[in-house]
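Engineer: Let me give you the structure first, and then I'll get to my questions.
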Amino acid sequence: MTQEEARAALHAATNTIREAAELLRPHAGLFAAYQRERESMDSIGPIIDPTLWKSPVRRETDAIVGPLFDGAQSFLRIVESQRTRAMEAVMTRGGRDDG
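First residue of the sequence shown: 17, per the numbering used here; consecutive thereafter.
Structure below.
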């Protein structure tokens with residue numbers, strides 16, 4: 017892989033990550049609401065009905081969906097943190113391209 021190919025591959029990968037975050041971001045509220053309702057099984061919320069937790073199918077579904085939603089939330093937190101760090105670095109450098 018040449019330096020130009022590596023640069024293009026890195027650019028494509030970071031664009032893909034940015035696009036993934038843009039696709040997930042509108043659902044962040046749903047992920048958070050699901051997590052809150054999941055933590056308090058006695059409450060009735062719009063996403064999880066406590067009576068559904070008696071169903072093995074519901075538990076199996078949550079075993080699959082829960083970690084995916086957790087991962088999506090974590091991914092979005094990391095993307096936002098890195099975006100903030102990048103913006104701070106640009107501001108500190110004053111927009112200079114030292115590399």
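Note that the Cβ used here is the ideal one computed from N, Cα and C, for glycine as well.
Could you compute how far the alpha carbon of Ser-48 sits from the alpha carbon of Leu-39?
Structural biologist: For the purposes of this step, residue 48 is taken as the residue at position 32 of the sequence shown. For the purposes of this step, residue 39 is taken as the residue at position 23 of the sequence shown. For the sequence presented, residue 48 should be read as Ala rather than Ser. Distance between the alpha carbons of Ala-48 and Leu-39: 16 Å.
Engineer: What residue range does the alpha helix (DSSP H) around Gly-82 cover?
Structural biologist: By one-based count along the sequence shown, residue 82 stands at place 66. It spans 72 to 109 - the alpha helix (DSSP H) in which Gly-82 sits, taken as one unbroken run.
Engineer: Where does Thr-32 fall in DSSP's three states?
Structural biologist: Residue numbering aside, residue 32 sits at position 16 when the sequence shown is read from its first letter. Residue state, collapsed to three classes: helix.
Engineer: Is the separation between the beta-carbon of Gln-51 and that of Phe-91 shorter than 8 Å?
Structural biologist: The residue labelled residue 51 in the question sits at position 35 within the sequence shown. The residue labelled residue 91 in the question sits at position 75 within the sequence shown. No, these two residues do not count as a Cβ contact at 8 Å.
Engineer: For Ala-102, count neighbouring C-beta atoms within 10 Å of its own C-beta (all shown protein chains included) and say buried if the count is 16 or more, exposed if not.
Structural biologist: Your numbering for residue 102 matches position 86 in the sequence shown. Classification of Ala-102: exposed, given that the 10 Å Cβ count is below 16.
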